[in-house]
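One structure is given below, encoded as structure tokens.
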Amino acid sequence: MSTNNPIAVSARKVEIAFGVGEAKIFALKQADFTARRGELIMLVGPSGCGKTTLLSVIAGTLTPQAGEIEVFGQRLDGLSQAELTAFRQKNLGFVFQSFNLIPTLTVIENVMVPLLIQGTKHALARSKAAAILEQVGLKGREESSPNALSGGQQQRVAIARALVHEPTLLICDEPTSALDKDTGAQIMQMIRDLSRSPQRCVVVVTHDFRIFRFADRIAEMEDGRISRVIDDSSTLEIQPHL
Amino acid sequence: MYRLALNMLFGDRAKLAMLLCGLSFSALLMAQQTSVFFGIMSWTYTPVVNIRAHVWVSDPMVEQANDAKPMRDTELGRVRSVDGVAWVAPLHTSFLQARMVDGNFKLITLVGIDADTFAGAPAQITQGRIEDLRLPNTVIVDEWGAQLMGRPVKGPDGKITNVPLKPGDVFEINDIEARIVGICKVRRAFTGGPFVYTTYDRSKTYTLGARRTLSFMLAEPVAGVTPAELCHRIETETGLKAWTTDTVIWDWSERSLAKNTFWWFWKNTGIPFSFGTAVALGLFVGIAVSGQTFYSFVLENLKYFAAIKAMGASMGVLARMLIIQAVTAGLIGFGLGAGMAQAIGRVMIEKGMPPFVMFPQVLLATLALTMGISIVSAIIGIVKVSRVDAATVFRG
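The listed protein sequences derive, respectively, from chains R and P.
Per the working numbering, the first sequence starts with residue 826, numbered consecutively.
Per the working numbering, the second sequence starts with residue -18, numbered consecutively.
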């Protein structure tokens, strides 16, 4: 990844606080964050440092009280809820910690969801979903129930769902926390392989130091702001809280 | 997306079964109770159905078909003289005790009809002949009455069976012999007692010479005069009350005896309240069970709805998904409930149990109420989903 790549995500002096008066607690305090196109960047830090809040702000599911957020050239602060929804629909893919696959739908139906939200015709959505399921190695499991799959397979379905509509920004929230070491590594390799594109950026929130090696850069957070950014993950000292 | 919404609904079979139980039970209760209600209420104007004539004339104080206020026989001549009347026949109706051969008493509705014209005679004589009513002390009993007043007979196996009355059998009305010469088929009365037909003159004998025995007059308009028009003329010229006999209870005809009878019972008895309570109960049970089950379905799927929301589904899409799920469950619940109500109705009709009249309006109203329950359930779900923050998907 080149450091000259254009900026994909930019957060400047972002603030989010909960409570009022003396009970006011800052989840994000003048936080600055940058991610480039073609980059896989990890957000790490102790619990309560603001990782998830920053991720929510970048994903457009939480509006900051102060500061600026720009994702692929689009300012998110100041957009209405409807505009944010439309933005997420088109540009974002999500991989959640607990997969969030709908158990009453089949594997392929789960993968079709982002396309159907966009208004893609059912048949086209189905063929695109089948194609990406083949890419993640789940050909033949299209009609299975998510509950019939292993944790690793479920996360692969979630990755397929996150990428099926070809989003520019992939948001991964603790994608390996429910997986063992080997499966976690396989999943991260898959995220890295499938999402590696000059037009895409991947932001991963994680506590799992075993997957740091997959990152191009690692942004460490502390007390609601980025405390340091490490370009070479192999140099990252493994902190007790990580 | 909406197809997936249905797959989500049908995928959770336990919840769906619970939801359908609530909705179908509610629809069953509403459709069945309303149909029995209309069945019972349709019995209130049975005399108008059984005693066929285009115009009934009564004392001006009469309010409904079971409320006979006897008039003098001379009124027949007054009505006959009204321009537009083709013919007029007397009619007597009264409630009397009939004494059976075994000494038991039964309450009967005695109907005295004109012996010359047999105006008001039952439409269907299943045994015997109407003309035989001209013989002394003769009556025609309806099938239900023949069964009700039948004789218990001990069979060779010791089992007691009820043998219905038949032509030739005899009972007594006020100690006067009543010999059956025919059996007829008529609609049952609200009072539950049998109809016993005799001639108008003989009814005076059976009522022990009551001073006035003319309960109603049956009239027919001449060609070119409508029943409503004739009613108007009779009322204007005689001061009596005249009624048409159409049995559509929801029309605007003020002169319909059936309609006035129906609404009289509606206003003056506890029947609508009783059945209305059961229908309301069905509605509330439906809302409670279905609303609660659908809410629990939404709660269980809340994190998935939040994920769909995060992926960019608008609240409009989510609301439509929930409405489609609720309405689909509502339609299936209505189908099951109305189907069960129909099946129960058939059994009731076959067994001669309380009447069952399922008007199309009843089905439409049940459908509307079941859809109402579904929409309320959907709204509860929509409110919950609208409050869920898409950012919650990142909170584990």
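Virtual Cβ for every residue (Gly too), placed ideally from N, Cα, C.
Should residue i be flagged as near chain P, meaning a C-beta pair shorter than 9 Å?
i	result
residue 840 of chain R	no
residue 934 of chain R	yes
residue 923 of chain R	yes
residue 930 of chain R	yes
residue 1039 of chain R	no
residue 911 of chain R	yes
residue 1019 of chain R	no
residue 867 of chain R	no
residue 844 of chain R	no
residue 858 of chain R	no
residue 919 of chain R	yes
residue 1030 of chain R	yes
residue 1014 of chain R	no
residue 937 of chain R	yes
residue 915 of chain R	yes
residue 927 of chain R	yes
residue 836 of chain R	no
Report the residue from the options whose alpha carbon sits nearest the alpha carbon of residue i.
i	options	result
residue 244 of chain P	P/215, P/363 and P/25	P/25
residue 172 of chain P	P/201, P/187, P/125 and P/158	P/125
residue 271 of chain P	P/-9, P/-17, P/4 and P/-8	P/4
residue 841 of chain R	R/857, R/831, R/1034 and R/910	R/857
residue 11 of chain P	P/368, P/371, P/264 and P/287	P/264
residue -7 of chain P	R/991, R/937, R/993 and R/929	R/929
residue 1049 of chain R	R/1041, R/847, R/1026 and R/882	R/882
residue 8 of chain P	P/330, P/327 and P/262	P/262
residue 903 of chain R	R/869, R/924 and R/890	R/890
residue 347 of chain P	P/326, P/374, P/332 and P/312	P/312
residue 131 of chain P	P/296, P/31, P/97 and P/87	P/87
residue 100 of chain P	P/107, P/108, P/114 and P/90	P/114
residue 926 of chain R	P/235, P/283 and P/222	P/283
residue 1020 of chain R	R/899, R/1031 and R/992	R/992
residue 38 of chain P	P/118, P/293 and P/214	P/214
residue 340 of chain P	P/323, P/84, P/-14 and P/91	P/323
residue 97 of chain P	P/318, P/69 and P/354	P/69
Return the Cβ separation of residue i and residue j in integer angstroms, given the expectation that the two are a contact with Cβ distance under 8 Å.
i	j	result
residue 178 of chain P	residue 121 of chain P	4 Å
residue 1010 of chain R	residue 1036 of chain R	7 Å
residue 152 of chain P	residue 79 of chain P	5 Å
residue 877 of chain R	residue 998 of chain R	7 Å
residue 834 of chain R	residue 1028 of chain R	7 Å
residue 238 of chain P	residue 72 of chain P	The Cβ separation is near 12 Å, so there is no contact.
residue 994 of chain R	residue 921 of chain R	Their Cβ separation, rounded to whole angstroms, is 15 Å, which puts residue 994 of chain R and residue 921 of chain R out of contact at 8 Å.
residue 222 of chain P	residue 54 of chain P	Not a contact, Cβ separation roughly 17 Å.
Within a Cβ cutoff of 8 Å, which residues of the same chain sit near residue i, ignoring the five residues on either side of it in sequence?
i	result
residue 276 of chain P	358, 361, 362 and 365
residue 933 of chain R	951, 954, 955, 958, 967 and 968
If we define contact as Cβ-Cβ less than 9 Å, is residue i a contact residue for chain R?
i	result
residue 363 of chain P	no
residue -16 of chain P	yes
residue -10 of chain P	yes
residue 298 of chain P	yes
Please return the same chain residues whose Cβ sits closer than 6 Å to the Cβ of residue i, not counting the five positions on each side in sequence.
i	result
residue 56 of chain P	none
residue 256 of chain P	14 and 18
residue 102 of chain P	94 and 111
residue 185 of chain P	194
residue 328 of chain P	none
By Cβ distance below 7 Å, which residues in the same chain neighbour residue i in space, the five residues on each side in sequence not counted?
i	result
residue 338 of chain P	16, 19, 20 and 23
residue 961 of chain R	981, 984, 985 and 1015
residue -18 of chain P	298 and 302
residue 1006 of chain R	1035
residue 116 of chain P	162
residue 1042 of chain R	864, 866, 1054, 1055 and 1056
residue 829 of chain R	none
residue 274 of chain P	-4, -1, 0 and 3
residue 208 of chain P	35, 36, 202 and 225
residue 287 of chain P	369, 371, 373 and 374
residue 104 of chain P	33
residue 218 of chain P	63
residue 870 of chain R	876, 1045, 1046 and 1047
Problem set entry | Chain-ordered residues of the stretch 876 to 907 of chain R with a beta carbon less than 8 Å from chain P | Using a CB distance below 8 Å, the part of the stretch 876 to 907 of chain R facing chain P consists of 877, 880, 881, 884, 886, 887 and 907, ordered along the chain.
Problem set entry | Near-chain P residues of the stretch 940 to 972 of chain R - C-beta to any C-beta below 9 Å | 941, 942, 943, 944, 947 and 970
Exercise. Between the stretch 278 to 294 of chain P and chain R, which residues of the former have a C-beta closer than 7 Å to a C-beta of the latter?
Worked result: 284, 285, 288, 289, 291, 292, 293 and 294
Exercise. Looking at chain P, which residues of the stretch 969 to 997 of chain R have a Cβ within less than 7 Å of any of its Cβ atoms?
Worked result: Of all residues in the stretch 969 to 997 of chain R, none comes within less than 7 Å of chain P when Cβ atoms are compared.
Exercise. What residues in the stretch -7 to 12 of chain P bring their beta carbon closer than 7 Å to a beta carbon of chain R?
Worked result: -7
Exercise. Just by C-beta distance, which residues in the stretch 347 to 375 of chain P are closer than 8 Å to chain R?
Worked result: Going along the stretch 347 to 375 of chain P in chain order, one finds 370, 371, 372, 374 and 375 with a Cβ nearer than 8 Å to chain R.
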